[in-house]
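Working notes, beginning with the structure itself.
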Amino acid sequence: MKYYLLIVVLCFLNLAHTQNCTHSFLGEIKDFHDGTPMSGATIYIETLNSYTTADINGKFTIKNLCEGTLVLRISHVGCEPKRLEIEIDGDTYKEINMEHHIEELHEIMVSGNSAKKLTKTAQESQLNTEIIERFSALNLGDAIKQISGVSSINTGNSIVKPVINGLHSSRISLITNGVLLQDQEWGIEHAPNVDLNTAGSINVIKGASALAYSGDAIGGVIVLKPANISLKDSIYGKTILSGQTNGRGYNIASTLTKSWKKGWFVNGQVSLKRFGDFKAPDYNLTNTGVNAKGLNLSTGFKTFEKGFIINYSYLNSEIGILSAAHIGSINDLVRAINNREPILVKDFSYDINSPRQDVTHQILKTEFYKRFKQFGRIQIQYDFQNNQRLEYDIRRDDNNRAAIDLNLKTHAIKANLKLDANTKAVYHFGIHTRFQNNFANPETGIKRLIPDYDKYDVGVFAISNLKLKENTILDFGLRYDFNRIDAKKWFLESRWEERNYNNDFSDIVIKTENAQVLANPVYNFHNVSVSAGISHKISKRHSVLFNYGLSQRSPNPSELFSDGLHHSAARIELGDLRIKQEISNRFGGTYQIQPSNLSLQVEGFANHIKDFIQIIPFGTEQTIRGAFPVWNYTQTNALLFGVDITANYDLTEQWNINHKSSFLKGRDVEAKTALIDMPAFRTVNVLGYTNKKWLDFNANLESECVFRQNDYPNFNFETLNPTTQEMVLVDISTPPPAYHVMHFRSEITTALSKKTKLNIGLNVSNVFNTSYREYLNRLRYFADDLGRNFMLQLKLNY
Amino acid sequence: MKHLKRLSILAISLILGTSCSNDDDTPTQIIEEEVITTMTITLTPNGGGTPIVMQTRDTDGDGPNAPVVTDPVNLAANTTYSGSIELLNELESPAEDITEEVEEKDDEHQFFFQATNSIATFAYSDMDGDNNPIGLSFTLTTAATGTGTVTVTLIHEPNKDASGVSDGNIANAGGEEDISETFNVVVK
Numbered sequence: 010m011k012y013y014l015l016i017v018v019l020c021f022l023n024l025a026h027t028q029n030c031t032h033s034f035l036g037e038i039k040d041f042h043d044g045t046p047m048s049g050a051t052i053y054i055e056t057l058n059s060y061t062t063a064d065i066n067g068k069f070t071i072k073n074l075c076e077g078t079l080v081l082r083i084s085h086v087g088c089e090p091k092r093l094e095i096e097i098d099g100d101t102y103k104e105i106n107m108e109h110h111i112e113e114l115h116e117i118m119v120s121g122n123s124a125k126k127l128t129k130t131a132q133e134s135q136l137n138t139e140i141i142e143r144f145s146a147l148n149l150g151d152a153i154k155q156i157s158g159v160s161s162i163n164t165g166n167s168i169v170k171p172v173i174n175g176l177h178s179s180r181i182s183l184i185t186n187g188v189l190l191q192d193q194e195w196g197i198e199h200a201p202n203v204d205l206n207t208a209g210s211i212n213v214i215k216g217a218s219a220l221a222y223s224g225d226a227i228g229g230v231i232v233l234k235p236a237n238i239s240l241k242d243s244i245y246g247k248t249i250l251s252g253q254t255n256g257r258g259y260n261i262a263s264t265l266t267k268s269w270k271k272g273w274f275v276n277g278q279v280s281l282k283r284f285g286d287f288k289a290p291d292y293n294l295t296n297t298g299v300n301a302k303g304l305n306l307s308t309g310f311k312t313f314e315k316g317f318i319i320n321y322s323y324l325n326s327e328i329g330i331l332s333a334a335h336i337g338s339i340n341d342l343v344r345a346i347n348n349r350e351p352i353l354v355k356d357f358s359y360d361i362n363s364p365r366q367d368v369t370h371q372i373l374k375t376e377f378y379k380r381f382k383q384f385g386r387i388q389i390q391y392d393f394q395n396n397q398r399l400e401y402d403i404r405r406d407d408n409n410r411a412a413i414d415l416n417l418k419t420h421a422i423k424a425n426l427k428l429d430a431n432t433k434a435v436y437h438f439g440i441h442t443r444f445q446n447n448f449a450n451p452e453t454g455i456k457r458l459i460p461d462y463d464k465y466d467v468g469v470f471a472i473s474n475l476k477l478k479e480n481t482i483l484d485f486g487l488r489y490d491f492n493r494i495d496a497k498k499w500f501l502e503s504r505w506e507e508r509n510y511n512n513d514f515s516d517i518v519i520k521t522e523n524a525q526v527l528a529n530p531v532y533n534f535h536n537v538s539v540s541a542g543i544s545h546k547i548s549k550r551h552s553v554l555f556n557y558g559l560s561q562r563s564p565n566p567s568e569l570f571s572d573g574l575h576h577s578a579a580r581i582e583l584g585d586l587r588i589k590q591e592i593s594n595r596f597g598g599t600y601q602i603q604p605s606n607l608s609l610q611v612e613g614f615a616n617h618i619k620d621f622i623q624i625i626p627f628g629t630e631q632t633i634r635g636a637f638p639v640w641n642y643t644q645t646n647a648l649l650f651g652v653d654i655t656a657n658y659d660l661t662e663q664w665n666i667n668h669k670s671s672f673l674k675g676r677d678v679e680a681k682t683a684l685i686d687m688p689a690f691r692t693v694n695v696l697g698y699t700n701k702k703w704l705d706f707n708a709n710l711e712s713e714c715v716f717r718q719n720d721y722p723n724f725n726f727e728t729l730n731p732t733t734q735e736m737v738l739v740d741i742s743t744p745p746p747a748y749h750v751m752h753f754r755s756e757i758t759t760a761l762s763k764k765t766k767l768n769i770g771l772n773v774s775n776v777f778n779t780s781y782r783e784y785l786n787r788l789r790y791f792a793d794d795l796g797r798n799f800m801l802q803l804k805l806n807y
Numbered sequence: 002m003k004h005l006k007r008l009s010i011l012a013i014s015l016i017l018g019t020s021c022s023n024d025d026d027t028p029t030q031i032i033e034e035e036v037i038t039t040m041t042i043t044l045t046p047n048g049g050g051t052p053i054v055m056q057t058r059d060t061d062g063d064g065p066n067a068p069v070v071t072d073p074v075n076l077a078a079n080t081t082y083s084g085s086i087e088l089l090n091e092l093e094s095p096a097e098d099i100t101e102e103v104e105e106k107d108d109e110h111q112f113f114f115q116a117t118n119s120i121a122t123f124a125y126s127d128m129d130g131d132n133n134p135i136g137l138s139f140t141l142t143t144a145a146t147g148t149g150t151v152t153v154t155l156i157h158e159p160n161k162d163a164s165g166v167s168d169g170n171i172a173n174a175g176g177e178e179d180i181s182e183t184f185n186v187v188v189k
């Protein structure tokens with residue numbers, strides 16, 4: 010208010026003068042965040058071609074100004090220079106706010122491959138645009154395996170689910186473009202519905218330390234962020250084209266952005282992927298084709314102070330499942346395991362037949378944010394997700410009638426407030442609400458895999474980030490989540506009684522009809538998560554961090570409600586209405602060295618999970634198709650611990666060596682056995698050569714070595730062979746032997762014109778066409794993994 | 002800000018348009034359509050006599066209850082029986098005749114018969130359009146007295162051209178088993 014008065018006073022003073030070139034301009038430069046005066050700022054007066062500097066109070070005066078436009082260019086150490094046009098019509102005063110939080114500015118300013126950490130004291134790794142682009146034709150799970158401690162659990166080679174420190178599916182939260190992905194992620198055969206090509210950077214946070222994203226990510230959080238938009242009048246784009254021999258397919262990903270200096274932008278992105286049957290070294294993998302189409306549109310207005318974004322994304326993936334993996338009984342499974350080669354091998358084809366998946370995921374997101382001077386940033390977001398999952402099986406009546414037809418709709422509203430006026434103590438608060446409806450279409454004529462349900466979630470969190478000294482950062486976080494599941498499910502009456510639900514859950518029965526019981530299970534879960542961490546820079550080159558996380562995860566729909574025969578696994582899987590939340594206590598510690606030519610990072614962790622939910626065999630049940638093993642969801646106490654190492658050593662300017670390895674143990678503490686599906690010791694060593702003079706040439710030879718998992722639970726069992734009437738062993742547990750595969754990649758980059766850059770890359774994976782099987786591939790009983798593949802990739806930046 | 006308002010109105014109307022479906026409160030009951038609950042094999046002795054019935058019946062499909070199986074099946078020694086198979090889905094009411102479905106897609110189905118202790122031999126008496134056997138009709142010829150088992154397997158999408166498959170050898174058939182039932186048989 011006082012400034013207005015000042016202006017008014019100055020204006021009156023002005024009245025006394027009639028001559029034109031006697032006006033003064035008084036400027037005051039302040040920090041946007043905390044309002045402190047910015048002394049020493051340089052002011053270049055464009056219209057006068059002269060310089061001045063701000064005094065200790067951030068003030069400066071320019072005298073003897075004529076009426077008209079005054080153009081100033083203000084710069085300060087660590088600030089983005091600011092250009093101002095001021096109308097001089099008498100003596101004038103103006104407060105000028107400068108932004109010195111370059112880090113925050115980068116969120117909107119810098120385009121391309123800047124990778125920024127999202128947390129200060131968590132075990133976090135990033136992948137930049139360059140690495141992501143290399144995996145353009147592959148899956149998210151393939152790309153983030155580049156991070157030590159991250160592996161994947163696969164169904165064939167096109168359904169790839171990330172595993173972080175041994176945990177996956179519901180134990181991982183995936184955030185794409187600010188939206189917590191809700192896509193039936195509990196299913197081990199449900200790959201995350203994200204198009205890798207929409208990401209400009211990927212951050213992987215191990216453990217549940219990132220409470221701003223979710224509270225139940227016991228395994229970790231994966232954050233995909235779109236490439237930043239540059240704030241200038243420009244139109245730019247990128248096209249990636251790749252073709253490969255294995256699968257005889259192509260991948261196209263193209264993006265175009267128009268941006269305006271004022272902050273407006275429009276961005277469009279399309280990607281297409283088409284592959285036919287892939288090939289193992291010795292045979293075709295019949296019916297493993299892929300057909301994926303993605304579209305991403307966004308527009309909005311972005312400046313440092315405020316902005317909004319509207320984004321729509323569409324992704325459809327049609328994935329064929331190896332024909333030989335379609336089995337109907339234990340006898341089929343025994344035959345498949347003992348045969349060592351797929352029972353059905355046909356000539357190459359682009360056809361995708363049953364069994365196959367056809368999944369469409371759509372996201373509509375609107376986001377608004379505003380920064381307040383000397384206060385912080387507030388952000389409000391609404392997003393809607395529609396996930397349509399269709400799975401087709403080989404059926405007697407009609408293969409084109411889906412066997413699984415699930416529609417999941419999710420509405421989410423979240424509000425975040427970040428108080429960062431004081432850089433030494435940053436606070437972050439948020440409230441997340443979500444409503445979800447799952448609808449299982451009865452038209453399938455097949456018992457629902459999971460029932461219809463409504464789910465309500467509310468989460469609130471508070472996080473503080475304290476800078477103790479220059480070298481030490483402390484983090485605390487607290488989060489509370491409420492989850493309510495309201496389901497309606499038909500149970501077979503015989504199953505209802507066999508589970509003893511008729512005694513324990515008689516109060517939730519709605520009705521009994523045609524030997525089926527309709528029940529209405531309702532759950533209210535209250536979950537508390539805590540995170541605490543400290544990072545300390547011991548010296549310029551050495552740093553350590555320690556963190557602790559407590560998190561609780563509510564059971565997912567399959568853990569509660571699964572009920573029936575899982576064909577491709579030849580087992581009956583049963584959820585349990587009695588399952589409670591699991592509680593994880595995780596300790597992590599990291600040691601980092603970064604001298605000039607060597608960088609080393611050693612990350613250790615121990616994760617104790619109370620009431621860990623797992624599915625294990627229980628007995629057998631007889632059906633008209635013979636006996637099936639029954640696998641039950643049960644709870645136990647589990648302990649996971651491990652070490653992940655990443656090292657990089659520059660031998661010379663041109664040659665470098667990169668090493669990654671991860672060791673992990675997962676134990677069932679109660680049963681004193683190993684946990685199932687734990688990744689084996691894996692070590693990746695890369696020898697790299699770079700020469701800037703030869704068109705930015707680089708070449709890398711990679712050796713990937715995976716040991717045999719010797720620590721596994723033995724769930725093998727015997728079954729009667731009806732032909733011989735003898736008992737035969739069904740070896741579903743024994744892990745495949747260790748394997749070693751070599752990969753090669755090389756690329757050059759050349760400028761075609763001032764603004765156009767062409768990058769040509771050649772990738773050869775499995776160079777020696779080695780036959781191998783991976784323990785964490787669900788199709789390992791039926792066929793070998795992929796054979797050699799040549800991929801040529803052209804990348805055009807314009 | 003005007004743009005923002007307009008865009009948000011557009012967005013909200015879009016969302017309201019796309020949501021709010023599937024509001025049926027009680028989920029429709031699903032009676033499984035493709036389950037085979039019952040296989041009834043009728044064996045009529047050539048030259049007359051009382052037909053013998055071999056049956057497996059699982060009234061809760063893939064549920065926990067085990068199928069009820071004829072045990073034992075009593076056959077006369079050195080006798081040839083004409084066999085016919087009827088498949089039902091008794092979860093549906095009235096029961097659905099699956100035999101018809103198998104007949105309609107006879108090239109995608111084949112029964113296999115196997116006996117232990119050489120108590121019986123089998124021969125197909127029906128053919129699909131490609132002159133490959135189906136097995137809905139067959140003959141069973143018993144040997145001398147003895148006990149053993151007879152296993153009847155129905156395979157969906159077998160490779161009927163694979164070696165030995167059309168002669169009734171299951172080893173190379175591939176496909177998936179829709180039925181696999183073993184009967185205890187006494188030949189007197």
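If you read the protein sequences in the order shown, they are chains U and P.
Each number in our numbering comes from the position in the first sequence (counting from 1) with 9 added on.
Each number in our numbering comes from the position in the second sequence (counting from 1) with 1 added on.
Positions of the beta carbon are idealized from the N, C-alpha and C atoms, including for glycine.
On a predicted model such as this, the values are computed, not experimentally measured, just so you know.
Original post:
U:Asn296 and U:Asn362: beta carbons closer than 7 Å?
Top reply: Stepping through the first sequence from its first residue, residue 296 of chain U is reached at position 287. Stepping through the first sequence from its first residue, residue 362 of chain U is reached at position 353. Yes, they are a contact pair.
Original post:
Within this structure, are the beta carbons of U:Thr481 and U:His551 separated by less than 7 Å?
Top reply: Sequence index remark: in the first sequence, residue 481 of chain U carries index 472 (1-based). Sequence index remark: in the first sequence, residue 551 of chain U carries index 542 (1-based). No, the pair does not count as a contact, with Cβ atoms beyond the cut-off.
**OP:** Keeping to the same chain, check which residues put their C-beta closer than 6 Å to that of U:Leu304; ignore five residues upstream and five downstream.
**Re:** Numbered from 1 along the first sequence, position 295 holds the residue referred to as residue 304 of chain U. Excluding residues within five positions, the ones whose Cβ falls inside 6 Å are Val279, Tyr323.
**OP:** Quick one: residues in its chain with C-beta nearer than 6 Å to the C-beta of U:Thr442, no 5 flanking neighbours on either side, listed in chain order?
**Re:** Position 433 of the first sequence, counting from 1, holds the residue named residue 442 of chain U. Excluding sequence neighbours, U:Thr442 sits near Ile422, Val467.
**OP:** Helix, strand or coil for U:Asp793, going by three-state DSSP, please let me know.
**Re:** Within the first sequence, numbered from 1, the residue matching residue 793 of chain U stands at position 784. In the displayed model, U:Asp793 falls within coil according to three-state DSSP, outside both helix and strand.
Subject >> Any beta strand (DSSP E) of 3 or more consecutive residues that is wholly inside the segment 728-768 of chain U >> reply: 735-739, 748-760
Subject >> Near-chain P residues of the segment 497-520 of chain U (beta-carbon distance less than 7 Å), N- to C-terminal order >> reply: Lys497, Trp499, Leu501, Ser503, Arg504, Glu507
Original post:
Is there at least one Cβ from chain U nearer than 7 Å to P:Asp41's Cβ?
Top reply: Here residue 41 of chain P refers to the residue found at position 40 of the second sequence. Before going on, a small fix: residue 41 of chain P reads as Thr here, not Asp. It does not; no Cβ of chain U falls within 7 Å.
**OP:** Taking only beta-carbon positions, decide if P:Val187 is within less than 7 Å of chain U.
**Re:** As a working mapping, residue 187 of chain P is identified with position 186 in the second sequence. Not one chain U Cβ lies under 7 Å of P:Val187.
Original post:
Would U:Ala449 be called buried (16 or more neighbouring beta carbons within 10 Å of its own) or exposed?
Top reply: The residue given as residue 449 of chain U occupies position 440 in the first sequence. Under this definition U:Ala449 is a buried residue.
**OP:** Please list, in chain order, all residues of the same chain as P:Val36 whose beta carbon is under 8 Å from its beta carbon, the five residues on each side excluded.
**Re:** As a first step, residue 36 of chain P must be located in the second sequence, where it is residue number 35. Cβ within range, chain order: Gly62, Asp63, Asn90, Leu92.
**OP:** In the DSSP assignment, find the alpha helix (DSSP H) that holds U:Leu149 and state where it starts and stops.
**Re:** The residue labelled residue 149 of chain U in the question sits at position 140 within the first sequence. From DSSP, the alpha helix (DSSP H) with U:Leu149 extends over 149-153.
Original post:
Helix, strand or coil: which one does DSSP assign to P:Phe184?
Top reply: In the second sequence, the residue the question calls residue 184 of chain P occupies position 183. The three-state reading of DSSP puts P:Phe184 in strand, counting E and B together.
Subject >> Other residues of its chain near U:Asn367: CB distance less than 6 Å, five sequence neighbours each side excluded >> reply: On the first sequence, residue 367 of chain U is found 358 positions in, with the first residue counted as 1. Sequence check: residue 367 of chain U is Asp here, not Asn. Excluding positions up to five away in sequence, the list reads Glu327, Leu399.
**OP:** Would you kindly work out how many angstroms separate the C-alpha atoms of U:Tyr245 and U:Phe317, rounded to a whole number?
**Re:** By one-based count along the first sequence, residue 245 of chain U stands at place 236. By one-based count along the first sequence, residue 317 of chain U stands at place 308. Spanning the alpha carbons of U:Tyr245 and U:Phe317 requires a straight line of approximately 21 Å.
Original post:
U:Ser503 lies in the alpha helix (DSSP H); which residues open and close that run?
Top reply: If you number the first sequence from 1, residue 503 of chain U lands on position 494. First-last of the alpha helix (DSSP H) with U:Ser503: 502-507.
**OP:** With DSSP as the reference, please indicate the residues paired to U:Ser593 in a beta bridge.
**Re:** Taking the first sequence and counting its residues from 1, one reaches residue 593 of chain U at position 584. Beta bridge pairing from DSSP links U:Ser593 with U:Ser560, U:Ile618.
**OP:** For U:Gln631, return the contacting residues in chain P, with the cut-off set at a CB-CB distance below 7 Å.
**Re:** Residue mapping note: residue 631 of chain U aligns to position 622 of the first sequence, counting from 1. What U:Gln631 touches in chain P: Ala67, Pro68.
Original post:
Touching or not, the segment 607-622 of chain U and the segment 580-594 of chain U, by the rule of three or more beta carbon pairs under 8 Å?
Top reply: yes
Subject >> Bridge partners - U:Gln193, DSSP secondary structure assignment >> reply: Counting from one through the first sequence, the residue named residue 193 of chain U turns up at place 184. Answer is none; U:Gln193 lacks a bridge partner.
**OP:** Give, in chain order, every unbroken run of the beta strand (DSSP E) that is at least 3 residues long and sits entirely within the segment 156-207 of chain U.
**Re:** 159-164, 168-173, 181-185
**OP:** Using a Cβ cut-off of 7 Å, pull out every chain P residue sitting near U:Gly573, in sequence order please.
**Re:** Counted from its first residue, the first sequence places residue 573 of chain U at position 564. The contacting residues are Asp63.
Subject >> P:Pro1: contacting residues in chain U (beta-carbon distance under 9 Å) >> reply: In the structure as shown, chain P starts at 2 and stops at 189, and residue 1 of chain P therefore has no counterpart that could be examined.
Original post:
So who's on the other strand from P:Glu177, going by DSSP bridges?
Top reply: Working through the second sequence from its first residue, we reach residue 177 of chain P at position 176. P:Glu177 is bridged to P:His157.
**OP:** Have a look at U:Lys302, U:Asp225, U:Thr138 and flag the residue whose alpha-carbon is nearest the alpha-carbon of U:Tyr259.
**Re:** Reading the first sequence from its first residue, position 250 is the one you call residue 259 of chain U. It is U:Lys302 whose Cα lies nearest to the Cα of U:Tyr259.
**OP:** Output, in chain order, the set of chain P residues within a Cβ distance shorter than 7 Å of U:Gly439.
**Re:** By 1-based counting over the first sequence, the position of residue 439 of chain U is 430. Within chain P, no residue comes near U:Gly439; the closest Cβ sits about 21 Å away, beyond 7 Å.
Original post:
Using a C-beta to C-beta distance shorter than 7 Å, which residues of chain U count as neighbours of P:Ile180?
Top reply: Numbered from its first residue, the second sequence carries residue 180 of chain P at position 179. Under the 7 Å cutoff, chain U gives Ile633, Arg634.
Subject >> Closer than 8 Å at the beta carbon, the chain U residues around P:Ile171 >> reply: Counting from one through the second sequence, the residue named residue 171 of chain P turns up at place 170. The answer, in chain order, is Thr732.
Original post:
If we ignore side chains and look at the alpha-carbon of each, how far apart do U:Ile387 and P:Glu34 end up?
Top reply: Translated into positions along the first sequence, residue 387 of chain U becomes position 378. Translated into positions along the second sequence, residue 34 of chain P becomes position 33. Going from the Cα of U:Ile387 to the Cα of P:Glu34 covers about 54 Å.
Original post:
Quick one: does P:Gly175 have its CB under 7 Å from some CB of chain U?
Top reply: Your numbering for residue 175 of chain P matches position 174 in the second sequence. Cβ-Cβ to chain U under 7 Å: yes for P:Gly175.
Subject >> Distance cut-off 6 Å: U:Pro451 Cβ against heavy atoms of the ligand SAM >> reply: In the structure on display, the ligand SAM does not appear, and there are no ligands present to speak of.
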